[in-house]
Structures are given as C-alpha cells and as structure tokens.
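Protein chains in written order, with the numbering used here: chain A, 54 to 191; chain B, 4 to 76. Quick reminder that beta carbons are idealized off the backbone N, C-alpha and C, glycines included. In what follows, a structure is listed as structure tokens, so that the remarks can point back to it.
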Amino acid sequence: MNGTVSLLDLYQRYNKQVQFVKVYIREAHPVDGWWFGKGIMNFLLRLSKSKVSWNIYDPKTIEERRAAAGDCEESLQYGIKTYVDEMDDLVNKAYAAWPTRLYLINKEGIVVYAGGLGPFGFKPAALKRAIHSYLAKE
Amino acid sequence: MILFKQSHSGAQVDTIKDRKEASAWQKSYDSKAPKPGDLAPDFEVRDIQGEHPIRLSDFKGNTPVALIFGSFT
C-alpha cells in the first residue's frame with residue numbers, strides 16, 4: 054500500500070544508526086483467550102493476508118513462550134532479533150506494551166517517542182518520523 | 004541502574020479472555036507507561052534460546068533504541 058511503513062522498512066533504513074530490539078510479550082489473541090480465529094474477525098484478517106498466527110495457545114511456561122517467539126520471528130521475518138519477556142510479564146507491564154507498542158529511547162535512556170496501544174496506536178510511520186527527527190538533531 | 008529485576012521463573016498471569024479483560028489490563032498499566040521525557044525503565048531480556056541477556060542500559064551512551072513489543076497473534 055502506498056505510504057505504508059513497515060517495521061522491515063524501518064529496520065533496513067535505520068539499523069546502522071538505531072538498535073532495534075523486539076520484545077516478544079504475552080500473546081494477544083491465543084486460541085484459549087480472546088481469539089480472533091473465528092467469525093467476522095477471522096474473515097477480515099484473512100482478507101488482509103496478515104502473517105500473524107491463529108493457532109497459538111497462550112504459552113504456560115517460559116520454554117513454550119520462547120518457542121512461540123521463535124515461530125513468530127521466523128514467520129514475520131522483520132530481521133530484528135527477538136528477545137522474550139519472562140512469564141511474570143514485568144517488561145510488558147512496565148511499558149504497558151500489550152498487545153503491541155513502539156518506543157524510541159535516546160542515547161541517554163530517555164523516552165523520545167511512546168506510541169499508542171496497538172493495534173490502532175501501533176504506527177511504524179510515526180516511529181519513523183520520530184527516528185528521523187531525533188537523528189536530524191544529532 | 005536496573006529499575007527492576009525479573010525472576011526468570013514467575014508464574015503465568017491468567018490469559019486475557021475478552022475485550023473487557025483486555026481493557027481492564029490496559030487500564031491498570033497504561034497510565035504508568037513511560038511518556039516522552041521520562042527515563043525508560045531498564046530491563047533485562049534473553050533471546051529465544053534463553054541466552055545472551057541484554058539490558059536496555061547496555062546501549063546507553065552508544066545508540067538510540069527502537070523498542071518493538073508484540074506477539075504472534
């Protein structure tokens with residue numbers, strides 16, 4: 054789609070100037086939770102040709118969570134190395150990250166961009182503008 | 004300084020079952036999320052093999068960091 058910015062685009066353009074860290078957090082819509090694998094949501098999401106999975110059960114152990122994160126990394130192929138939040142969800146909670154969220158942290162460890170909650174607030178184009186603006190001031 | 008340390012063995016929080024539970028979860032944490040100008044909470048995470056731990060603070064003084072949070076669904 055014209056004008057759409059993907060995480061892959063961002064990574065490919067800025068990975069020499071910005072460290073990209075993907076943190077896999079608890080599943081958003083597992084089969085045993087708030088599942089979108091049926092009904093109209095399933096129909097609409099399949100139309101979008103999304104690469105997300107509809108067959109994941111909520112991991113119950115850190116080993117299961119790491120395995121799901123590995124499957125996710127392999128399927129989505131952002132090129133960004135994936136790290137995994139622990140089962141206590143501490144990182145997720147500290148950043149209010151569930152279901153998806155984007156941040157840009159500057160060299161001093163200060164937040165310069167805090168995206169809104171996904172899916173509606175998940176805007177790679179806004180992160181791109183934040184990166185561009187930050188790097189221009191460097 | 005690391006602001007909190009993970010247990011690496013914590014129990015699974017109950018699976019969110021519907022929109023109501025999702026909204027409750029987000030209401031609980033969203034107001035505490037860091038905003039522009041705030042110090043980003045430090046953390047440690049490991050890769051999908053459970054190895055190679057990194058901390059956000061590892062990059063301090065060196066490079067900005069784009070944090071991408073998400074799952075497979």
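The alpha-carbon separation between Gln-65/A and Ile-115/A amounts to approximately 30 Å. Contacts between Ala-27/B and chain A, judged by CB atoms closer than 7 Å, are missing: the closest CB pair is about 12 Å apart. Looking at the DSSP output, Lys-75/A shares a beta bridge with Thr-135/A, Ile-71/B. In the structure shown, Glu-47/B adopts extended strand secondary structure according to DSSP, grouped into three states. Against chain A, the CB of Arg-22/B has a partner CB under 8 Å away; the residue lies at that interface. When Cβ-Cβ separations below 8 Å define contact, Arg-58/B makes no contact with chain A. Apart from sequence neighbours up to five positions away, the residues of its chain that approach Ser-59/A with a beta-carbon distance below 7 Å are Pro-177, ordered along the chain. Taking the Cβ atoms as the reference, Ala-179/A lies roughly 28 Å from Ile-51/B, outside the contact range of under 8 Å. Residues His-55, Pro-56 of the same chain have their beta carbon placed closer than 7 Å to that of Arg-49/B, with the five preceding and five following residues left out of the count. For Val-164/A, the pairing in a beta bridge is given by DSSP as Ile-158/A. Contact annotation: Lys-75/A and Lys-160/A have beta-carbon atoms that are not nearer than 8 Å. Nearest Cα to Phe-173/A within the set Arg-182/A, Tyr-187/A, Pro-152/A, Ile-184/A: Pro-152/A. In the three-state reduction of the DSSP assignment, Leu-42/B falls in the strand class, which pools E and B.
Cβ-Cβ distances below 8 Å link Val-137/A to Val-76, Tyr-77, Ile-115, Arg-118, Arg-119, Ala-122 in the same chain, with the five nearest sequence neighbours on each side left out; the list follows chain order. Straight across, the Cα-Cα distance linking Ser-26/B with Thr-18/B is about 13 Å.
Here the C-alpha atom of Leu-143/A lies approximately 11 Å from the C-alpha atom of Asp-45/B.
Note that the C-beta distance between Tyr-148/A and Val-165/A is not below 8 Å.
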